[in-house]
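Take the sequence shown: its letter number 197 is residue 197 in UniProt numbering, and every next letter is one higher. Cβ coordinates follow ideal geometry from the N, Cα and C atoms, glycine included. Every value quoted in this text rests on a predicted model; they were computed, and no experiment measured them.
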Amino acid sequence: MDQKTALEQLILSVQKPGRYVGGEPGSIVKDKKDVFLRFAFCFPDTYEIGMSHLGMKILYGLLNAQPDIWCERVFAPWIDMEEKMRSQGMKLYGLESFDPLDEFDIIGFTLQYELSFTNVLNMLDLGGIPVYSKDRPGLKNLVIAGGPCCCNPEPIADFVDLFQLGEGEEMLPEICRCYQDAKAKGLSKEEFLLNACQIGGVYVPAFYDVEYFPDGRVKSITPNRPGVPAVVEKRIIQDMSKTYYPDNFVVPFIDTVHDRAILELMRGCIRGCRFCQAGFLYRPLREKSAEVLCRQGKDLCESTGYEEISLSSLSSSDYSQIEPLLDQLYDYTQENHINLALPSLRIDNFSEELLNKIKAVRRSGLTFAPEAGTQRLRDVINKNITEEDIFTSCRLAFEGGYSSVKLYFMLGLPTETMYDCEQIIDLAQQVVGLYHRCPGRNKDRGVNVTVSVSTFVPKPQTPFQWFGQDTLDQIVEKQLHMKDCITSKKISF
Numbered sequence: 001m002d003q004k005t006a007l008e009q010l011i012l013s014v015q016k017p018g019r020y021v022g023g024e025p026g027s028i029v030k031d032k033k034d035v036f037l038r039f040a041f042c043f044p045d046t047y048e049i050g051m052s053h054l055g056m057k058i059l060y061g062l063l064n065a066q067p068d069i070w071c072e073r074v075f076a077p078w079i080d081m082e083e084k085m086r087s088q089g090m091k092l093y094g095l096e097s098f099d100p101l102d103e104f105d106i107i108g109f110t111l112q113y114e115l116s117f118t119n120v121l122n123m124l125d126l127g128g129i130p131v132y133s134k135d136r137p138g139l140k141n142l143v144i145a146g147g148p149c150c151c152n153p154e155p156i157a158d159f160v161d162l163f164q165l166g167e168g169e170e171m172l173p174e175i176c177r178c179y180q181d182a183k184a185k186g187l188s189k190e191e192f193l194l195n196a197c198q199i200g201g202v203y204v205p206a207f208y209d210v211e212y213f214p215d216g217r218v219k220s221i222t223p224n225r226p227g228v229p230a231v232v233e234k235r236i237i238q239d240m241s242k243t244y245y246p247d248n249f250v251v252p253f254i255d256t257v258h259d260r261a262i263l264e265l266m267r268g269c270i271r272g273c274r275f276c277q278a279g280f281l282y283r284p285l286r287e288k289s290a291e292v293l294c295r296q297g298k299d300l301c302e303s304t305g306y307e308e309i310s311l312s313s314l315s316s317s318d319y320s321q322i323e324p325l326l327d328q329l330y331d332y333t334q335e336n337h338i339n340l341a342l343p344s345l346r347i348d349n350f351s352e353e354l355l356n357k358i359k360a361v362r363r364s365g366l367t368f369a370p371e372a373g374t375q376r377l378r379d380v381i382n383k384n385i386t387e388e389d390i391f392t393s394c395r396l397a398f399e400g401g402y403s404s405v406k407l408y409f410m411l412g413l414p415t416e417t418m419y420d421c422e423q424i425i426d427l428a429q430q431v432v433g434l435y436h437r438c439p440g441r442n443k444d445r446g447v448n449v450t451v452s453v454s455t456f457v458p459k460p461q462t463p464f465q466w467f468g469q470d471t472l473d474q475i476v477e478k479q480l481h482m483k484d485c486i487t488s489k490k491i492s493f
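Below you can see the structure in the form of structure tokens.
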């Protein structure tokens, strides 16, 4: 029985079989005899999370635009599926061909968060591939990794042959061409890696010796081969308007975390929040033109049937052409009943004009991110907003017809005290009171203020990288205390 036939029987007894069957609209299937490089794009989490990731959509389309490269998707199976696969000796496979992972030339992982590292090892093992780089002597089954976690590659360096530092639209095709050349010439893995490390942004752990301080911090990283660059600089895309962007997405059969068309307004951020890794990694700020974005949004909705466009960036309201873009999208979104979402709005530049334009292209929820409950702590993290900024933005929303807003905060920030946590709830309760004082509010609805909190995680390459993280007990204590502080039924926590 072949793998696909066995899979058809197996998925009848697991949750959400749509995670494992492939064949979605927009997925790309090629004839194996027509390709010279098979690439497994692995997302070390479940299908619903991985299929929501914009970077995977971009690179999947980019690689498959090359006639001699076939890129397939691979996701981490859920617990029930993994148990059945292991019990039946079934290997992890690509969703397009159902071929086992160990039949691919390159196995590429995107590392979005550190807790996925163990999933990387588990996926390799489930795919029949040795987890340690030293145990993979051949050129085939080369394991590479990219994504934000590669800014601190050493925790997973023993398992990855090659890291991509920076943005992949130019770097990944260069790596693939280098691999194809090595494969055609019959080069060894080491010979290929020596060639690949000359590509800007490529870090090959085997070619460097790492020395540590007694406390575990990195003391030095020095090349152990001649010709290997002493410093590897991240790669960035210079012109966002000209770089590749797909005109079609794979459309899942099941609900995913973000099941919509996504437009990337810009990379980088003009702010300097000290906790934000992305704000430091994706510098400098680079914007995509409104004309290009408008065309891409229309193309994606036409090809996928999506009824929502998300304008994505680290801070969408900082995009210098946001109002012209909304104007250009207005007629199309109105005629086609398409919602427009701006998931990341800055409190200090949220204006009545922007609000009116958002409302004009169908209303979606509004989320603001004060991050901390007191001005002292907002200054510590360099948030650069005041309490008055928060109230002004919420007042504009309420007077514009909104009756609910979401406020996003972080727990466990450096120097945080219990008083800072209490003031998160106090701030939310003041926003509730503000609603009732707004003469232009929607009196047909009751107000709701959602308080969303996440735990601060110190990230590499940020000013807060050496601060400790709160323990689980500390976080739970703060959360319970904050719940006790809520006196209004209009607050969701």
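- Considering only Gln430, Asn356, Tyr419, the residue with the shortest C-alpha distance to Ile390 is Gln430.
- Contact between Glu287 and Met266 holds: CB atoms are separated by about 4 Å, below the 8 Å threshold.
- The beta carbon of Ile270 sits closer than 8 Å to the beta carbons of Leu285, Ser315, Asp318 from its chain, once the five residues preceding and following it are set aside; these are given in chain order.
- The C-beta separation of Pro370 from Cys151 comes to about 27 Å, leaving the pair out of contact by the 8 Å criterion.
- Per DSSP, Ala428 is one residue of the alpha helix (DSSP H) stretching across 418–437.
- In the three-state reduction of the DSSP assignment, Ser452 falls in the strand class, which pools E and B.
- One thing to note: Tyr208 has its Cβ within 9 Å of the Cβ of Pro223.
- In this structure, the CA atom of Phe456 is about 45 Å from the CA atom of Val35.
- Within the same chain, Cβ atoms closer than 6 Å to the Cβ of Leu10 are found at Lys84, the five residues on either side in sequence being excluded.
- When DSSP assignments are scanned along the segment 368–416, the uninterrupted stretches of alpha helix (DSSP H) that are 4 or more residues long and fall wholly within it turn out to be 375–380, 387–399.
- No Cβ-Cβ contact shorter than 9 Å links Phe464 with Ile385.
- If you look at Val120, you'll find it in the alpha helix (DSSP H) that goes 117–126.
- DSSP, reduced to helix, strand and coil, places Thr487 outside both helices and strands of the structure shown, so it counts as coil.
- By the Cβ criterion, the segment 138–157 is in contact with the segment 106–115, since at least three pairs of Cβ atoms, one from each stretch, lie closer than 8 Å.
- Under the Cβ criterion (8 Å, minimum of three pairs), the segment 327–338 does not count as touching the segment 373–380.
- Rounded to the nearest whole angstrom, the C-alpha separation of Arg445 and Val432 is 13 Å.
- In summary, Ser313 is buried, with 16 or more beta-carbon neighbours lying within 10 Å of its beta-carbon over all protein chains present.
- Counting along the chain, no beta strand (DSSP E) covers Thr333; the unbroken alpha helix (DSSP H) around it starts and ends at 322–335.
- For Cys197, the secondary structure class from DSSP, reduced to helix, strand or coil, is coil.
- If you compare the alpha carbons of Ser289, Ile475, Asp470 with that of Lys242, the shortest gap goes to Ser289.
- Positions of the alpha helix (DSSP H) runs, each at least 4 residues long and wholly inside the segment 133–212, are given as 168–185, 189–196 in order along the chain.
- If you ignore the 5 residues before and after Phe280, its C-beta comes within less than 6 Å of the C-beta of Gln461, Thr462, all in its own chain and listed in chain order.
- In the three-state scheme derived from DSSP, where H, G and I count as helix and E and B as strand, Met56 is classed as helix.
- Contact annotation: Ile338 and Glu307 have beta-carbon atoms nearer than 9 Å.
- By the Cβ criterion, the segment 123–131 is not in contact with the segment 163–178, since fewer than three pairs of Cβ atoms, one from each stretch, lie closer than 8 Å.
- The beta-carbon distance between Lys406 and Ser452, rounded to whole angstroms, is 6 Å. This is short enough to meet the 8 Å contact definition.
- Remark: C-beta atoms of Val120 and Cys42 approach each other more closely than 9 Å.
- The Cβ neighbour count for Phe159, taken over all protein chains shown within 10 Å, is at least 16; the residue is labelled buried.
- Looking at Ser97, Lys478, Arg274, the one whose alpha-carbon comes closest to that of Asp31 is Ser97.
- Residue nearest to Leu354 within the set His53, Thr118, Ser303, Ile322 is Ile322 (criterion: CA-CA distance).
- Look at Met81 here: in three-state DSSP terms it is helix.
- The C-alpha of Phe39 is placed about 18 Å away from the C-alpha of Tyr20.
- The continuous beta strand (DSSP E) containing Gly108 extends over residues 106–110.
- Going by C-alpha positions, Glu114 is about 14 Å away from Gln469.
- Boundaries for Lys30: no alpha helix (DSSP H) harbours it, and the DSSP string shows neither H nor E there.
- Here Tyr93 is not near Gln198, since their CB atoms are 9 Å or more apart.
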